[in-house]
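Numbers 1 to 429, taken from UniProt numbering, label the letters of the sequence shown in order.
A short worksheet on the structure shown next.
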Amino acid sequence: MISKSLLLPEPASPAHICPFDQACSYLEAAAKELNLNQGLLEILSHPRKVVTVSIPVKLDNGEIQVLAGHRVQHSDVLGPYKGGTRYHPAVTLREVSALAMLMTWKCALLGIPYGGGKGGIPIDPKRYSVGELERITRRYISELIKDIGPAVDIPAPDMGTSSREMAWMMDTYSVNVGHAVPGVVTGKPLSIGGSLGREMATGRGVMIIIREALAQQGKSLAGMRVAIQGFGNVGSAAAELLHQAGAKVIAVSTGAGGIFSEVGLDIPRLKVYAAENRKSIIGFPQSVPISNADLLTLPCDVLIPAALENQITEENVNQVQARIVAEAANGPITLEANLALEARGVTVLPDILANAGGVVVSYLEWVQGLSYVFWDEERVNREMEHLMVQAYHRVIQQSEVRQIPLRLAAYTLGVGRVAQALIDRGLYP
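Right, here's the structure in full:
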């Protein structure tokens, strides 16, 4: 059992499914399987550093608003902290802490030399002008200037942020240290050291892991019926790549609702339609409306939750009909729902594996930035695929050897590598 003495405050509502508590539950399960001692479990369950900064910003109308910015650094035993920065009204310190912990296991699982970090500001970026967002971003980074750096902590885009915010972050850091530092963030524009292949990376990783899982079952992507909840950067990229591979994407959705087509959606045309309609997919020709809730329960071969956490719960898990569920989002399946799916023999491809393509290409961008040698897109995709496929087969082997589900297998690999590194490095002082 993890001690609560140093953990973050309990959530306001006991009924709320807390991402941090869920992350700790997965850690405890992995620690039990690995027979880790209580001392190691205590170290692994607590973030090394939690930073909350005040962000005063002058709005366009002249008013002053003070925001809170968070950065949680979970573990750097394998290398610098790495993780996204999200701008979303629902950002909390507990959520950011959970995501930082998951990033630690994800990086360890993929075999890349990073620890987990995560940042966020609880704002709706749509309510701010571009100028206001720039001032918020620059002040946030200036407050964190001593806590980030290419050998310390490397932020990246996340929900509500993009290459634009990364450019502001890189410039703010660089101006403060007196020279350009392309390795301080990843997900930057190509003009200032970004990597080719980054935009499609997470969706490409999802496609690769689904392809490998189907191959394990003697199947291919061709003709597979796929439903995708979420048509943002990750969901749309996965949809496009799965469509190219011959899969039949029968449904996709956004926060405003979804669309369904029994014969499959024309994904290239849908992406053009969304771009021309302010990202809305509603009304796309030869489709019918469908709710986000109904999309999750469609008869299909593969279901991809690519939106928010806690989408498949004990309330709807028995209606899920897919035989493979690939977690493109972080934590879209609750602990209880995950156990129910595993009990029914559904293949659950866990988030720390399925959506790791983004952090892999972030790592490749960081390597290019440090060396000032940049690769073509084919090489980036090839290097990323190699790491993703290797990780998948390590998880499969671990699952078969230990006779445990894929999620627990992935966690034992990630947690086990960090735990071994802690043992080898020792405890100082």
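Note that the Cβ used here is the ideal one computed from N, Cα and C, for glycine as well.
If you're wondering where the values come from, they're calculated on a predicted model, not measured in any experiment.
N-terminal and C-terminal residue of the alpha helix (DSSP H) that Ile-290 is part of
Residue 290 sits at position 290 when you count from the first residue of the sequence shown. Looking at the DSSP string, Ile-290 is not in any alpha helix (DSSP H); the run it does join, the beta strand (DSSP E), is 288 to 290.
task: Give me the Cα-Cα distance between Gln-65 and Ile-136, rounded to the nearest whole angstrom.
output: Numbered from 1 along the sequence shown, position 65 holds the residue referred to as residue 65. Numbered from 1 along the sequence shown, position 136 holds the residue referred to as residue 136. Computed Cα separation, rounded: 10 Å.
- Helix, strand or coil for Thr-104 per DSSP? If you number the sequence shown from 1, residue 104 lands on position 104. Correct three-state label for Thr-104: helix.
Subject >> Cβ-Cβ distance between Ile-148 and Pro-155 below 8 Å >> reply: For the purposes of this step, residue 148 is taken as residue 148 along the sequence shown, with counting starting at 1. For the purposes of this step, residue 155 is taken as residue 155 along the sequence shown, with counting starting at 1. In contact: Ile-148 and Pro-155 (Cβ atoms closer than 8 Å).
Helix or strand or just coil, what does DSSP make of Ile-210?
Numbered from its first residue, the sequence shown carries residue 210 at position 210. Annotated three-state conformation of Ile-210 is helix, per DSSP.
*Hey, how far is the Cα of Pro-19 from the Cα of Ala-98?*
Looking up residue 19 in the sequence shown gives position 19. Looking up residue 98 in the sequence shown gives position 98. As the crow flies, the alpha-carbon of Pro-19 is around 6 Å from that of Ala-98.
**Prompt:** Is it right to say Leu-242 is buried, meaning 16 or more other beta carbons lie within 10 angstroms of its own, or is it exposed?
**Reply:** Here residue 242 is taken as the residue at index 242 of the sequence shown, counted from 1. Leu-242 is buried by the Cβ-count criterion.
- Message: What would DSSP say about Phe-374, mapped onto helix, strand or coil?
- Response: Numbered from 1 along the sequence shown, position 374 holds the residue referred to as residue 374. DSSP, reduced to helix, strand and coil, places Phe-374 outside both helices and strands of the structure shown, so it counts as coil.
(Q) Helix, strand or coil, according to DSSP, for Phe-20 in the structure here? (A) Taking the first residue of the sequence shown as position 1, residue 20 is located at position 20. Correct three-state label for Phe-20: helix.
For this session: Quick one: grab the DSSP three-state call for Leu-303.
Result: Counting from one through the sequence shown, the residue named residue 303 turns up at place 303. The three-state reading of DSSP puts Leu-303 in strand, counting E and B together.
I need the DSSP call for Val-72, collapsed to helix, strand or coil. Residue numbering aside, residue 72 sits at position 72 when the sequence shown is read from its first letter. Here Val-72 carries a strand assignment [DSSP, helix/strand/coil].
Report task. Please work out which residues of its chain come closer than 6 Å, Cβ to Cβ, to Ala-419, disregarding the five sequence neighbours upstream and downstream, and give them in chain order. Result -> Here residue 419 corresponds to residue number 419 of the sequence shown, with the count starting at 1. Result list for Ala-419: Leu-36, Leu-40, in chain order.
Thr-254 - DSSP class collapsed to helix/strand/coil:
The sequence position of residue 254 within the sequence shown is 254, counting from 1. Look at Thr-254 here: in three-state DSSP terms it is strand.
### Element boundaries [alpha helix (DSSP H), containing Tyr-140]
Position 140 of the sequence shown, counted from the first residue, corresponds to residue 140. 130 to 143 is the extent of the alpha helix (DSSP H) around Tyr-140.
Could you pull the start and end residues of the beta strand (DSSP E) that Pro-268 belongs to?
For the purposes of this step, residue 268 is taken as the residue at position 268 of the sequence shown. Pro-268 -> not in any beta strand (DSSP E); alpha helix (DSSP H) instead, spanning 267 to 276.
Of the listed residues Gly-258, Ile-267, Met-169, nearest to Gly-246 (C-alpha basis): Here residue 246 refers to the residue found at position 246 when the sequence shown is read from its first residue. The shortest Cα separation from Gly-246 among Gly-258, Ile-267, Met-169 belongs to Ile-267.
field: DSSP three-state assignment for Arg-198, whether helix, strand or coil
entry: Residue mapping note: residue 198 aligns to position 198 of the sequence shown, counting from 1. Under the three-state reduction of DSSP output, Arg-198 falls in the coil class, being neither helix nor strand.
Self-check item: DSSP three-state assignment for Thr-52, whether helix, strand or coil
Solution: The residue given as residue 52 occupies position 52 in the sequence shown. Three-state DSSP puts Thr-52 in a strand.
C-beta atoms of Leu-364 and Ser-195 nearer than 8 Å = Residue mapping note: residue 364 aligns to position 364 of the sequence shown, counting from 1. Residue mapping note: residue 195 aligns to position 195 of the sequence shown, counting from 1. A contact, by the Cβ cut-off of 8 Å.
* By Cβ distance, which residues of its chain are closer than 6 Å to Tyr-26, with the 5 residues on each side in sequence left out? -> By 1-based counting over the sequence shown, the position of residue 26 is 26. Tyr-411.
**Report entry** Backbone CA spacing between Val-325 and Gly-160 [nearest angstrom]
**Finding:** Stepping through the sequence shown from its first residue, residue 325 is reached at position 325. Stepping through the sequence shown from its first residue, residue 160 is reached at position 160. If I take the Cα positions, the gap works out to 25 Å.
Suppose you measure from the CA of Asn-338 to the CA of Gly-131; what does that come to, to the nearest Å? Residue numbering aside, residue 338 sits at position 338 when the sequence shown is read from its first letter. Residue numbering aside, residue 131 sits at position 131 when the sequence shown is read from its first letter. CA-CA distance, Asn-338 to Gly-131, rounds to 43 Å.
**Prompt:** Three-state secondary structure (DSSP) at Gln-420?
**Reply:** Numbered from its first residue, the sequence shown carries residue 420 at position 420. In this structure, Gln-420 counts as helix in the three-state DSSP scheme.
For Ala-245, name the three-state secondary structure that DSSP assigns. Taking the sequence shown and counting its residues from 1, the one referred to as residue 245 is at position 245. Looking at Ala-245 - three-state DSSP - the assignment turns out to be coil, as it is neither helix nor strand.
With three or more beta-carbon pairs closer than 8 Å as the criterion, would you say the segment 109 to 119 touches the segment 355 to 374? Yes, the segment 109 to 119 touches the segment 355 to 374.
The segment 274 to 290 in contact with the segment 212 to 221 per 3-pair CB rule at 8 Å = The way I'd put it, the segment 274 to 290 doesn't touch the segment 212 to 221; fewer than three beta-carbon pairs between them come closer than 8 Å.
- For Ala-108, collect the residues of the same chain with a Cβ closer than 7 Å to its Cβ; drop the 5 residues on either side in sequence, then sort them by chain order. Taking the sequence shown and counting its residues from 1, one reaches residue 108 at position 108. Hits under 7 Å: Leu-78, Gly-414, Arg-417, Val-418.
Check your understanding: Can we count Glu-400 as close to the ligand PLP, meaning its CB is less than 7 Å from some heavy atom?
Key -> For the structure depicted, the ligand PLP is absent and the ligand set is empty, with no information on it obtainable.
Own chain partners of Pro-299 with C-beta closer than 6 Å, once the 5 adjacent residues on each side are dropped: For the purposes of this step, residue 299 is taken as residue 299 along the sequence shown, with counting starting at 1. So the qualifying residues of the chain are Gln-321.
Legend entry - alpha helix (DSSP H) segment containing Tyr-173, residue limits: Numbered from 1 along the sequence shown, position 173 holds the residue referred to as residue 173. Residues 163 to 177.
*asked:* So, under 8 Å CB-CB, His-88 and Arg-48 are touching, yes? Tell me the CB distance rounded to an integer number of Å.
replied: The residue you call residue 88 lines up with position 88 of the sequence shown. The residue you call residue 48 lines up with position 48 of the sequence shown. Taking 8 Å as the upper bound for CB-CB distance, His-88 and Arg-48 are not in contact here, some 24 Å apart.
Requested in this report: Starting from the C-beta of residue 477, find all residues in its chain whose C-beta is less than 6 Å away, skip the five residues before and the five after it, and write them out in chain order.
Outcome: Nothing about residue 477 can be reported from this structure: the residues present for the chain run from 1 to 429 only.
If Asn-355 and Ala-328 are in contact, beta carbons under 8 Å, what's the gap, nearest whole angstrom? For this step, residue 355 is matched to residue 355 along the sequence shown. For this step, residue 328 is matched to residue 328 along the sequence shown. With a Cβ gap of about 5 Å, Asn-355 and Ala-328 count as contacting.
*CA-CA distance, Ala-29 and Lys-106?*
The residue given as residue 29 occupies position 29 in the sequence shown. The residue given as residue 106 occupies position 106 in the sequence shown. Between Ala-29 and Lys-106, the C-alpha separation is close to 16 Å.
Determine the burial state of Thr-371: buried for a count of at least 16 other Cβ atoms within 10 Å of its Cβ, exposed for fewer. Within the sequence shown, residue 371 is the residue found at index 371, counting from 1. Just to set this straight, residue 371 is Ser in the shown sequence, not Thr. It counts as exposed.
Open item on the list: Given this structure, state the Cα-to-Cα distance separating Leu-6 from Ser-45, to the nearest angstrom.
Closed with: Here residue 6 corresponds to residue number 6 of the sequence shown, with the count starting at 1. Here residue 45 corresponds to residue number 45 of the sequence shown, with the count starting at 1. Summary for Leu-6: the model assigns pLDDT 46, below 50, so the residue's position carries little reliability; its value from the coordinates is reported in the next sentence. So the two alpha carbons sit approximately 10 Å from each other.
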